[in-house]
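Chains as they are written, first to last, in my numbering: chain H, 1 to 261; chain R, 1001 to 1256.
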Amino acid sequence: MTWLRIFGVGGYLSYRALFNWQSPTYYIPTMLAHPVFQILFFAYLGRFSGTESDAFFVVGNGIQVCAMAGVYGMALTVGGERWTHTLGSLLATPANRSALFLGRALPNVVNGVLVSVFGLGVGRLLLDFHPAPGSVPSIFLLVVVCTLSCSAFGLAVGALGLRFRDVFMIANPAYFLMLLLCGVNVPLDRLPNWMSTIGSGLPLTHGIAAAREVADGASLGSVSTLVWKEIAVGACWTVVAYVLLRVFEAEGRRRATLETM
Amino acid sequence: MRVARLVWVGLVFRVKELTRSGLFVFTSVIEPLIFATLTYYLFSAGSRPETVIYSALGAGMMGIWTSTLFASGGAISWQRWQGTLELLVAAPPAFLLVIFPLTLGSATIGLYSLTATLAWERVVFGLPFDPVHPFQFVLAVPTMIFGLGALGLVIATSFVLYRNANALSNMLEFPVWLATGVIVPLSLLPGWTSVIGWMLAPTWGFEAMRRSVFGGDVWAPMGMCLALSAVYFGIAWYLMGIFERRARERATLSLA
């Protein structure tokens, strides 16, 4: 019960306190307008280059924008503890660490799903993206899976915020590298092998591939391998994030650098 | 002379300040290279290989806008956070002349993005960079930077009054890339977006650079870029007067 309370209530309070973009004047331009313009930009870039259809870019970018919450949101909510000088107090508590940190991911997952659904919806309205109505629930499920795995990756990025002075030095390139390496805009088979290999170990890659097939008419069952791969990648990043958080916590205590700015 | 000195000192100070910001250097160094790589593979995968060279220059120009937007957007917010905004507003020179070198400095840093991107594409992907009009290219680059600095000034102006206005800088990266035709020709976009593009000085600055590289009349777009920059100054001057007075009346200048 205590685990659940720390996970749920702690995560919610942390989100309220540390997620700086809650005000509509921040949230709308940053979390809704920016993703929409990203989708439009790459869709038109695709038309100009003759690479792929609008649907390819809408699905790829529509799902990738969940990283706005999954990566940036996690960076703000975990790294933010350091900026606000609450990290020391937080880590002085005997609270279960998995509940403490995983709880911080939950609101960002909900937020990421919202951002992606909005992006895909606007893509449907403005571009040549018309998935069959029957595929919408499956696409939604894939958005949830992708956002979960992306938030696990974001938790690892946030963990680095316990170590580095400015977490956005990690979060910015992480977000933009996903655009390149995860098959969001360039088909993986057109990238050099080493890039596509890295991409296959990142979140979103397999989920986006699955969502493209589903949007094209495939059933969820026929892409189950890709879905399980996405879940496995997310699970691995969760473990990585947890280990990083524990290591940086121990290291920070040992060197008395937890709140060094 | 005093104004020129003010602008020069402010510009040098701003460039020094930005080059000591780890986050900004990282953004200026890494992000343009990621986009250059992305556009290279995207266009290489496409059915129009002739557009690869076009995209190479576009990616470089995209980097300049990112640097300008990021730093211009933060110009006033950072002064506010550091507690120096009130001192700058209270200083004898017009506040606009204090802020302009800050935005111009941001655009100047963008030169690095352009250079790094072109060098990256040359070294890593073997894309040639042989401007048809090298002399005009050398002139077009500072013209475009001036235009970007002027646009950054208009953006920064709004930050005096609105505490959350820097959220705009989170949003404007992609739209301006689209509206200025930096990498996607305006003819591919809906007609009404061209009207917006024509009103943006960087559109003409980018066009001047593109023509100096691929051929065409460079002087006309360069002139348009300078003329629109002058208009931006007028707009920024007018808005700054209103916003500054209102911020003083409401005592919101230092509220972060």
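The beta carbon of each residue, even a glycine, is placed where N, CA and C say it ideally should be.
Keep in mind it's a predicted model, so treat the numbers as computed, not measured.
(request) If I'm right that R:Leu1069 touches R:Glu1173 with Cβ under 8 Å, what's the distance once you round it to whole angstroms? (result) What you label residue 1069 of chain R is simply residue 69 of the second sequence in a count that begins at 1. What you label residue 1173 of chain R is simply residue 173 of the second sequence in a count that begins at 1. So it is a contact: roughly 6 Å between Cβ atoms.
(request) Measure from the alpha carbon of H:Ser149 to the alpha carbon of each residue in H:Val223, H:Leu220, H:Thr238, H:Thr30, then state which is nearest. (result) Translated into positions along the first sequence, residue 149 of chain H becomes position 149. When each option's Cα is compared against that of H:Ser149, the closest is H:Thr238.
(request) Please look up how many angstroms separate the CB atoms of H:Met74 and H:Leu204, rounded, as I've assumed it's under 8 Å. (result) Along the first sequence, read from residue 1 onward, the residue named residue 74 of chain H stands at position 74. Along the first sequence, read from residue 1 onward, the residue named residue 204 of chain H stands at position 204. That pair is no contact at about 14 Å.
(message) Assuming the contact rule is C-beta atoms closer than 8 Å, R:Asn1140 and R:Val1029 should be a hit. Round their C-beta distance to whole Å, please.
(response) Your numbering for residue 1140 of chain R matches position 140 in the second sequence. Your numbering for residue 1029 of chain R matches position 29 in the second sequence. According to the sequence provided, residue 1140 of chain R is Ala. The question's Asn does not apply to it. Contact between R:Ala1140 and R:Val1029 does not hold, since the beta-carbon distance rounds to 24 Å and is not under 8 Å.
(message) Any beta carbon from chain H within less than 8 Å of R:Gly1060's own beta carbon?
(response) Start at 1 with the first residue of the second sequence, and residue 1060 of chain R comes out as number 60. Judged by the 8 Å Cβ criterion, R:Gly1060 is not in contact with chain H.
(message) Output needed in chain order: residues of the stretch 1078 to 1093 of chain R with a Cβ under 8 Å from some Cβ in chain H.
(response) Of all residues in the stretch 1078 to 1093 of chain R, none comes within less than 8 Å of chain H when Cβ atoms are compared.
(message) Considering Cα atoms alone, identify which of R:Arg1014, R:Ala1236, R:Ile1053, R:His1133 is closest to R:Leu1102.
(response) Here the question's residue 1102 of chain R lines up with position 102 in the second sequence. Among R:Arg1014, R:Ala1236, R:Ile1053, R:His1133, the Cα nearest to that of R:Leu1102 is on R:Arg1014.
(request) Note the first and the last residue of the continuous alpha helix (DSSP H) segment covering H:Cys66. (result) Indexing the first sequence from 1 puts residue 66 of chain H at position 66. Here H:Cys66 belongs to no alpha helix (DSSP H), and DSSP marks it neither H nor E.
(message) Looking at chain H, is there any beta carbon in it that lies within less than 8 Å of the beta carbon of R:Ile1242?
(response) Here residue 1242 of chain R refers to the residue found at position 242 of the second sequence. With a threshold of 8 Å between beta carbons, R:Ile1242 makes no contact with chain H.
(message) Buried or exposed for R:Ser1187, going by 16 or more other Cβ atoms inside 10 Å?
(response) On the second sequence, position 187 is the one that residue 1187 of chain R refers to. For R:Ser1187, the number of other beta carbons within 10 angstroms of its own is below 16, and it is reported as exposed.
(message) Would H:Tyr26 pass as an interface residue toward chain R - the criterion being a Cβ-Cβ separation below 8 Å?
(response) Locating residue 26 of chain H in the first sequence gives position 26, where the first residue counts as 1. H:Tyr26 belongs to the set of residues whose beta carbon lies under 8 Å from a beta carbon in chain R.
(request) Look at the Cβ atom of H:Ile63, then the Cβ atom of H:Cys146, and state whether they are nearer than 8 Å. (result) Here residue 63 of chain H refers to the residue found at position 63 when the first sequence is read from its first residue. Here residue 146 of chain H refers to the residue found at position 146 when the first sequence is read from its first residue. Contact flag set, yes.
(request) Tell me whether H:Cys182 sits in a helix, a strand or coil according to DSSP, three-state version. (result) Here residue 182 of chain H corresponds to residue number 182 of the first sequence, with the count starting at 1. Looking at H:Cys182 - three-state DSSP - the assignment turns out to be coil, as it is neither helix nor strand.
(request) Alpha carbon to alpha carbon, how far is R:Ser1106 from R:Leu1018? Give it in angstroms, no decimals. (result) As a working note, residue 1018 of chain R is residue 18 in the second sequence. As a working note, residue 1106 of chain R is residue 106 in the second sequence. Taking the straight line joining both Cα atoms gives about 8 Å.
(request) Just the chain R side, please: which residues come within less than 9 Å of H:Asn172 by C-beta, in chain order? (result) As a working mapping, residue 172 of chain H is identified with position 172 in the first sequence. Correct list: Leu1023, Phe1026, Thr1027, Ile1030, Glu1031.
(request) Return helix, strand or coil for R:Val1003, following the three-state DSSP convention. (result) Working through the second sequence from its first residue, we reach residue 1003 of chain R at position 3. Three-state DSSP puts R:Val1003 in a helix.
(request) On a CA-only basis, which of R:Val1052, R:Trp1065, R:Ile1064, R:Ser1072 is nearest R:Phe1125? Give me that one, please. (result) Residue mapping note: residue 1125 of chain R aligns to position 125 of the second sequence, counting from 1. Considering only alpha carbons, the answer is R:Val1052.
(message) Can you confirm whether H:Gly123, when its beta carbon is compared against all beta carbons of chain R, has any partner nearer than 8 Å?
(response) In the first sequence, residue 123 of chain H corresponds to position 123, counting from 1. By this cut-off, H:Gly123 is not an interface position.
(request) Determine whether the Cβ of R:Ile1053 lies closer than 8 Å to any Cβ atom of chain H. (result) On the second sequence, residue 1053 of chain R is found 53 positions in, with the first residue counted as 1. False, the Cβ-Cβ gap to chain H never drops below 8 Å.
(request) Determine contact between the stretch 49 to 62 of chain H and the stretch 82 to 102 of chain H, defined as no fewer than three beta-carbon pairs at a distance below 8 Å. (result) No: the two stretches stay apart, fewer than three of their Cβ pairs being nearer than 8 Å.
(request) Alpha carbon to alpha carbon, how far is R:Thr1193 from R:Tyr1040? Give it in angstroms, no decimals. (result) Against the second sequence, residue 1040 of chain R aligns to sequence position 40. Against the second sequence, residue 1193 of chain R aligns to sequence position 193. Those two C-alpha atoms are separated by around 25 Å.
(request) Check R:Leu1239 in the structure and name its three-state DSSP category. (result) Taking the first residue of the second sequence as position 1, residue 1239 of chain R is located at position 239. Looking at R:Leu1239 - three-state DSSP - the assignment turns out to be helix.
(message) Let me make sure I understand the geometry here. Which of H:Ala250, H:Thr84, H:Ala95, H:Leu40 has the alpha-carbon closest to that of R:Met1171?
(response) Your numbering for residue 1171 of chain R matches position 171 in the second sequence. Out of H:Ala250, H:Thr84, H:Ala95, H:Leu40, the CA that lies nearest to the CA of R:Met1171 is found in H:Leu40.
(request) Express the C-alpha separation of R:Ala1167 and H:Leu191 in angstroms, rounding to a whole number. (result) Position 191 of the first sequence, counting from 1, holds the residue named residue 191 of chain H. Position 167 of the second sequence, counting from 1, holds the residue named residue 1167 of chain R. Going from the Cα of H:Leu191 to the Cα of R:Ala1167 covers about 34 Å.
(request) Hey, could you find the ends of the alpha helix (DSSP H) R:Ile990 is sitting in? (result) A query on residue 990 of chain R cannot be resolved here, the shown segment of chain R reaching from 1001 to 1256 and no further.
(request) Over the uninterrupted alpha helix (DSSP H) stretch that includes H:Arg254, give me the two end residues. (result) Counting from one through the first sequence, the residue named residue 254 of chain H turns up at place 254. H:Arg254 -> alpha helix (DSSP H) spans 224 to 255.
(message) On the CB-based measure, 16 or more other CB atoms within 10 Å of its CB, does H:Thr225 come out buried or exposed?
(response) Here residue 225 of chain H refers to the residue found at position 225 when the first sequence is read from its first residue. Exposed, since its Cβ has fewer than 16 Cβ neighbours within 10 Å.
(request) Note down the Cα distance separating H:Val117 from H:Val71, rounded to an integer number of angstroms. (result) Working through the first sequence from its first residue, we reach residue 117 of chain H at position 117. Working through the first sequence from its first residue, we reach residue 71 of chain H at position 71. If you take the alpha carbons of H:Val117 and H:Val71, they lie about 17 Å apart.
(request) Rounded to whole angstroms, what's the CA-CA distance from H:Gly10 to H:Val78? Just pull it up for me. (result) Within the first sequence, residue 10 of chain H is the residue found at index 10, counting from 1. Within the first sequence, residue 78 of chain H is the residue found at index 78, counting from 1. Cα to Cα, the separation comes out at about 12 Å.
(request) Give the range of the alpha helix (DSSP H) segment to which H:Met195 is assigned. (result) Along the first sequence, one-based indexing puts residue 195 of chain H at 195. Here the alpha helix (DSSP H) through H:Met195 covers 193 to 200.
(message) Any beta carbon of chain H sitting closer than 8 Å to that of R:Tyr1041?
(response) The residue you call residue 1041 of chain R lines up with position 41 of the second sequence. Yes, R:Tyr1041 lies at the interface with chain H (some Cβ there is under 8 Å from its Cβ).
(request) State yes or no: is the beta carbon of H:Thr205 nearer than 8 Å to at least one beta carbon in chain R? (result) Within the first sequence, residue 205 of chain H is the residue found at index 205, counting from 1. No, H:Thr205 does not count as interfacial toward chain R.
(request) Report yes if the CB atom of R:Gly1147 is closer than 8 Å to the CB atom of R:Trp1065, and no otherwise. (result) If you number the second sequence from 1, residue 1147 of chain R lands on position 147. If you number the second sequence from 1, residue 1065 of chain R lands on position 65. Cβ atoms of R:Gly1147 and R:Trp1065: not closer than 8 Å.
(request) For the stretch 1174 to 1207 of chain R, enumerate the residues whose C-beta is nearer than 9 Å to any C-beta of chain H, in chain order. (result) Phe1174, Pro1175, Trp1177, Leu1178, Ile1183, Val1184, Pro1185, Leu1188, Leu1189
(message) Considering just the uninterrupted stretch of the alpha helix (DSSP H) at H:Asn108, what are its terminal residues?
(response) The count along the first sequence starts at 1 and reaches residue 108 of chain H at position 108. H:Asn108 -> alpha helix (DSSP H) spans 97 to 126.
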